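Positions in the sequence shown are counted from 1; adding 83 to them yields the numbering used here.
All C-beta atoms, glycine included, are put in the ideal place defined by N, C-alpha and C.
On a predicted model such as this, the values are computed, not experimentally measured, just so you know.
A short worksheet on the structure shown next.
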Amino acid sequence: MRLRPHHLLCMLTFVGEGYSPAFVANYRRLAGRLSAGETIEIVSGPDDICAPLLSDEDAHCFGASVTGRDAAALADIARLLGRELEIGSVIASDPALFQKLRRAFSAGVTRRACTGCDWSSLCDRIAGQDYAGALVMTFSRPETAPGISVRPRE
Ligand code: SF4
């Protein structure tokens, strides 16, 4: 699966909300694939999560603020994992990785990428609830997931 760096953080708090039903349906499928252990390839720019948005003329996925989130997330996650990370790096998706990422997210260690994000308070709340309802690494059959709701997120 192709993920831009800051989406490694957004995945931690994904509970089934997003820009549109198509965006959420795609995101849910990706969450299921990650939960099933699919390998992550770090990419630059729009990734598999962004895909349903790219036909929009004003898609924010190319914007400077989003690129800045990626740079901050890449540096912070590399430091956390104690390894070099760059575009093209491959990361194994397993429960230990997400546990480590969630602990750091809750501790604020990897939150530079979230600066100015409209959804930061929501992500704070989900982290504060110990990720109850988060979809990555909590189920592996996205076709059985409950209904969707709509909320924008980066
Ligand atoms: S605050 Fe924004 S950038 Fe940070 S994890 Fe949440 S949605 Fe992603």
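Check                                                                      : Outcome
Nearest-angstrom Cα separation, counted from R186 out to S172              : 22 Å
Check whether R87 and D130 have beta carbons under 7 Å apart               : yes
As assigned by DSSP and simplified to three states, the class of V173      : strand
For I125, the first and last residue of its enclosing beta strand (DSSP E) : I123 to I125
Expected contact under 8 Å - CB spacing of M84 and E140 to nearest Å       : M84 to E140, Cβ: 26 Å. No contact.
heavy atom of the ligand SF4 below 6 Å from C144 C-beta                    : no
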